[in-house]
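Just so you know, the protein sequences line up as chains L and P, in that order.
Quick note: the first sequence uses the working numbering, first residue 1, plus one each step.
Quick note: the second sequence uses the working numbering, first residue 1001, plus one each step.
Note that CB positions come from ideal geometry on N, CA and C, so glycine has one too.
Here the structure is laid out as structure tokens; the discussion comes afterwards.
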Amino acid sequence: MPETAQYILWTAFYILIFPGALFTSVVGLFLAGVDRKVIAHMQRRIGPPIRQPMYDFFKLLGKETIIPHAANKFVFLAAPVIGFVSLAIIMLFIPIFGFTAVSGSADLIVILYLITIGGVALIVGGSASGSPYAGIGVSREMVTMMSYELPFVLVLLAVARKVGGSTLVFSMEQISQWQVENGHMLFQWSMIPAAIAFLLIIPAEVGMQPFDVAEAETEICEGPLIEYSGAPLAVFKLNTAMKMIIMTGLFTSLFLGQFRTGYYWADALLFVAICTVLTILCMTTVHAVTARLKIEHLFKFYWTIVTGLALSSLILVWLGL
Amino acid sequence: MNIQNFPVLAVMLLFLSAFLVEIFGSKIAAIRNFITIVAVTVSAALIFALIPAVLIKGEVISYWMGNWEPVAGYAIGIGYEVDALSLFFALLVVCTFWLSAVYSISYMKDDHHLGHYYTLFLMLSGSVLGLVLTGDIFNMFVMIEIMTFASVALTAFRNGTEGALEGAFKYLVIGSIGSSLNLAGIALLYAECHTLNMAQLSAILSGGLSPTTVMAFALIVAGFGVKSYMVPFHTPAADSYAVAPTAASMVFSGMVNKAGVYGMIRMVYIVFRAMDASALQMLLVIFGTLTMFVGVTMALAQHEFKRLLAYHSISQIGYVIMAVGLGSTLGLTGGLFHAMNHTLFKGLLFLTAGAVLKQAGTTNLDALGGLSKRMPRTTLYFLAGAAAISGIPPFNGFASKWIIYQAAYTKAVESGNFLYVIVTVAGLIVSVMTLASFIKVTQAVFFGQLREEHAHVQEPPFLMRLPMFLMALLCSAAGLFYPLVNRYLLHPAVDATVNVTNYIDKMMGDGYAAAAGVTNIPVQEVQFSFWDPLLWLVLFVVVFVAAAVVIMAGKGSRGRVLEEGAVADPKYATFFSGEQELYSQVGGSDLFWGFKKNWKAYYRVMDKLHSGIVTDYTNMAVIAVGVIVIVMFIFLI
Chain L
1 MPETAQYILW
11 TAFYILIFPG
21 ALFTSVVGLF
31 LAGVDRKVIA
41 HMQRRIGPPI
51 RQPMYDFFKL
61 LGKETIIPHA
71 ANKFVFLAAP
81 VIGFVSLAII
91 MLFIPIFGFT
101 AVSGSADLIV
111 ILYLITIGGV
121 ALIVGGSASG
131 SPYAGIGVSR
141 EMVTMMSYEL
151 PFVLVLLAVA
161 RKVGGSTLVF
171 SMEQISQWQV
181 ENGHMLFQWS
191 MIPAAIAFLL
201 IIPAEVGMQP
211 FDVAEAETEI
221 CEGPLIEYSG
231 APLAVFKLNT
241 AMKMIIMTGL
251 FTSLFLGQFR
261 TGYYWADALL
271 FVAICTVLTI
281 LCMTTVHAVT
291 ARLKIEHLFK
301 FYWTIVTGLA
311 LSSLILVWLG
321 L
Chain P
1001 MNIQNFPVLA
1011 VMLLFLSAFL
1021 VEIFGSKIAA
1031 IRNFITIVAV
1041 TVSAALIFAL
1051 IPAVLIKGEV
1061 ISYWMGNWEP
1071 VAGYAIGIGY
1081 EVDALSLFFA
1091 LLVVCTFWLS
1101 AVYSISYMKD
1111 DHHLGHYYTL
1121 FLMLSGSVLG
1131 LVLTGDIFNM
1141 FVMIEIMTFA
1151 SVALTAFRNG
1161 TEGALEGAFK
1171 YLVIGSIGSS
1181 LNLAGIALLY
1191 AECHTLNMAQ
1201 LSAILSGGLS
1211 PTTVMAFALI
1221 VAGFGVKSYM
1231 VPFHTPAADS
1241 YAVAPTAASM
1251 VFSGMVNKAG
1261 VYGMIRMVYI
1271 VFRAMDASAL
1281 QMLLVIFGTL
1291 TMFVGVTMAL
1301 AQHEFKRLLA
1311 YHSISQIGYV
1321 IMAVGLGSTL
1331 GLTGGLFHAM
1341 NHTLFKGLLF
1351 LTAGAVLKQA
1361 GTTNLDALGG
1371 LSKRMPRTTL
1381 YFLAGAAAIS
1391 GIPPFNGFAS
1401 KWIIYQAAYT
1411 KAVESGNFLY
1421 VIVTVAGLIV
1431 SVMTLASFIK
1441 VTQAVFFGQL
1451 REEHAHVQEP
1461 PFLMRLPMFL
1471 MALLCSAAGL
1481 FYPLVNRYLL
1491 HPAVDATVNV
1501 TNYIDKMMGD
1511 GYAAAAGVTN
1521 IPVQEVQFSF
1531 WDPLLWLVLF
1541 VVVFVAAAVV
1551 IMAGKGSRGR
1561 VLEEGAVADP
1571 KYATFFSGEQ
1581 ELYSQVGGSD
1591 LFWGFKKNWK
1601 AYYRVMDKLH
1611 SGIVTDYTNM
1621 AVIAVGVIVI
1631 VMFIFLI
């Protein structure tokens, strides 16, 4: 069956190279480098080169992996890999302007749950390490997740309703197509609160200051990651970097999906450029000017202000505006 | 062998062996186990033998007790009637009691008076199986009674444990309210329609509802609401599941509350054929949403493993009732699928809780920790169950929740009613909270630091591991191959629920349904667009390669243990900021403080409502019954 073989090869290409694992990792590490460089400049430092996160990644791969005596070995090692695979798959569902690797009718919910796996991998891995610091980190990571999930769901439903009208649309590809015909989602005035809410969700999802309560280096020594070393740590660091491209990419697809250059490579470049701008806007800048929140304040912030923004968009859209 | 006799034989066999166990097996364990295992196996085989005829060919199996067939157009005798909906639930029931019986052999062997235990167990199994297979509404009530009293006695079986008698008493009181409501409803129906056969009732009631039948309908809905532990009837569930022997808790959660769900579906869709009424839809959806929300928030506050699982049972049943109440085929498919998945993953989770209780001696989340070192397989089974109930792909919970969200949001868009948007959001948020509370259990029981007194805990014996393994396997299989589940189980069941002409004609004679004006509408099979077996195949290869790369690159090493607790090289010890290593487990009640602090006001209210006083619970139940009756009276007449 040459067609099946071809199909498998293409799927493998999508998952492994573009837009899956390789593309997501490289761009994610690039964004992490940009973030470090820009924040250094904001603080009047020179900062590391943009390639630094990649160097760190390869350096960690070569280091010894220490599995603590108290850890459950299998879960401890498997957690980062599961997180990595699920994050690599998410990119398949996000259209890069004209290009979508896999399209189904209900991608939004699949994406929502796959992103959750990224967080769950961190939680379960940290929990499996047996450290009390990780225990505190796990608790905070889970509360963070509960905090941003509510506004996140509301934003996604608002977008689906806006695109669908009287029918139900959860498909990313149709959302992208709708924007080609009707202009960027961001420029629909009823969607602006939802877009702001989404921008506020991104740093919490990635675990950036001021929402990095779960990893809080200065306080609980990176929480869930405390006992990790070597290759699993490298994979976890990579997962964080991948989340940066995935979350900014999701924003780009949902709210700025009108761009079409006609060439896939040019689309991809433009996509990365927009993601870089978004990274600087909603992660680096916020990081540079804020201090870490407490967990209960974080929860309150997301369930009041951010949820309020997302909900007002949903209601406006529901009223047909 | 005539296939028409199989359902009644399956039920009779269980009841018969219930007595045989007491007579021959009260002294000798081997006889007792032999009778039980033979009975549940043969009974399960009889039900499985119905699959080709009912689920694949779409036939309806019927049996008249004593060959009392209808006289002059009225059904007089008790009829057993198995359509795809009945068989769907019957399959869940036989799977549950078979696995529970196997688990019981090892789990219960240190208890006394096991003859009584197996008698009650088989009575319970037989009654639930009878309930889902019968075609006679009064026979259904009889089965509900047997089920309730067997459950009450099983709850109190370990009457030495704290709370066992209390749990049983609450179950008895609230359960009796449910049974009485059902009985009152059935009596009204009989007075109005002069028949107890559900097929005939369906034909008669399809002509419209009179005030009397609406009253009967409201009472029966409330009655089955009690049996499925809908909020606010949920209170005895937590108390009884937590104290019953775990093998019985699994049966309660896997099939006893499914019996309530089955009754609800049978009544609203088939007997009363009223699911077109938007008021009834909203009633069920609101109660379902309340149930899932209250269940999960209460579960977050628990610090007892089995009690936490009990609240999750309530919460997941809320999903089912909500989905069923949407009144669409998509919702029904999602609801039935979730009911099936709940049986699988909740059964699995209860069994792991039982393993922890049996091996470590407690299920208090504040007194456990680090068991994954001593029980690695149980930990893996637990993680599979937790992932499934939290809806993490590719496990089965994800597939069914996915359909439910689709159904709820489609309903919102179609009806333009904002209520259904809230319901969809609630479903998604409840799913995250479910995840949170299972993270809590994972951290508190299986990970973290091992207590000294649990240093020598062992894996449970093989007969306890086998059911857990099978259920974990089924959880993953149902998630990976859900299009097959849909084609061979869900679609026939949904079709049988919506199109009842076969069901009526088989019992009452051809043409009876047409004469009563009941017609069939073909049901579209639900499409799963993101399913692609090859994609999954490639994915597995990728996961495998990725895992191999990490292991190759990592060359993970861990320290040798020299003696008790001391490790060869300090680099393998847990980091304590240079302080002395102490026992410092973070788990149980310590977790999610940031969440609970923000929800203080809500929990204060919940605390008041769950006072533990049975009078308060009864009041809540009575008020809810009043609400259901009034709402249905206003909107359905």
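A check of alpha carbon separations from PHE251/L across TRP189/L, MET172/L, GLN209/L, TYR264/L identifies MET172/L as the nearest. In the structure shown, GLU173/L falls within a helical segment according to DSSP collapsed to helix, strand and coil. When the Cα atoms are used, PRO232/L and PHE84/L turn out to be separated by approximately 10 Å. Across the structure, PHE1462/P and ILE1265/P are spaced so that their CA atoms are roughly 38 Å apart. The DSSP-derived three-state label of ASP1136/P is strand. Buried is the label assigned to ASP1495/P, since at least 16 other Cβ atoms lie within 10 Å of its Cβ. In this structure, the CA atom of VAL286/L is about 8 Å from the CA atom of PRO210/L. ARG51/L counts as exposed, since fewer than 16 other beta carbons sit within 10 angstroms of its beta carbon. When C-alpha distances from PRO1007/P are compared across TRP1068/P, VAL1042/P, PHE1024/P, TYR1080/P, the shortest belongs to TYR1080/P.
Judged by DSSP in its simplified three-state form, TYR264/L adopts helix. Looking at the DSSP output, GLU1081/P bridges to SER1062/P. Put simply, the CB of SER1372/P is near chain L, with a gap under 8 Å to one of its CB atoms. Spatial neighbours of VAL1320/P in its own chain (CB-CB distance under 6 Å, excluding positions within 5 residues in sequence) are listed in chain order as VAL1261, GLY1335, HIS1338, ALA1339. Using a Cβ-Cβ cut-off of 9 Å, PHE1575/P is close to PRO68, SER131, TYR133, CYS221, ILE226, GLU227 of chain L, given in chain order. Taking 8 Å as the threshold, the shortest C-beta distance from LYS1600/P to chain L does not fall below it. With a threshold of 8 Å between beta carbons, GLY308/L makes no contact with chain P. Proximity of PHE1345/P to chain L, defined by a Cβ-Cβ separation below 8 Å, is not satisfied. When C-alpha distances from MET1464/P are compared across ILE1439/P, VAL1356/P, ASN1005/P, the shortest belongs to VAL1356/P.
Note on geometry: alpha-carbon atoms of SER1278/P and THR1378/P lie some 45 Å from one another. Between the region 80–95 of chain L and the region 183–192 of chain L there are fewer than three C-beta pairs closer than 8 Å, too few to call the two in contact.
Proximity to ILE1177/P across VAL1627/P, TYR1617/P, ILE1634/P, VAL1631/P peaks at TYR1617/P, based on C-alpha coordinates. The residue among TYR1602/P, LEU1636/P, GLY1594/P with its C-alpha nearest the C-alpha of LEU293/L is GLY1594/P. Closest in alpha carbon position to ALA1084/P, among GLY1325/P, LEU1489/P, ILE1186/P, ASP1276/P, is LEU1489/P. Contact residues of the region 138–165 of chain L toward chain P are VAL138, SER139, ARG140, MET142, VAL143, MET145, MET146, GLU149, LEU150, VAL153, LEU154, LEU157, ALA160, ARG161, GLY164 (C-beta to C-beta distance below 8 Å). A direct Cα-Cα distance of roughly 15 Å separates LEU1205/P from ASP1136/P.
Taking 8 Å as the threshold, the shortest C-beta distance from TYR1572/P to chain L falls below it.
Judged by their CB atoms, SER1127/P and MET1147/P are nearer to each other than the 8 Å cut-off. Taking LEU1283/P as the centre and dropping the five residues before and after it, the same chain places the C-beta of VAL1631 closer than 6 Å to its C-beta, in chain order. LEU1055/P and GLY1066/P have their C-alpha atoms roughly 27 Å apart. LEU1087/P is the residue among LEU1087/P, SER1577/P, ALA1244/P, HIS1454/P whose C-alpha sits nearest the C-alpha of ILE1061/P.
GLY1263/P and SER1179/P have their C-alpha atoms roughly 12 Å apart. Listed along the chain, the chain L residues whose CB falls inside 7 Å of the CB of ALA1388/P amount to none; the nearest CB is some 13 Å away. Assignment of TYR1229/P by DSSP, reduced to helix, strand and coil, places it in the coil class. Closer than 8 Å to the CB of TYR113/L there is at least one CB belonging to chain P. A check of alpha carbon separations from PRO151/L across SER139/L, ALA195/L, LYS37/L, GLY119/L identifies ALA195/L as the nearest. Chain-ordered, the chain P residues with CB closer than 8 Å to the CB of THR116/L read ILE1392, VAL1432, LEU1435.
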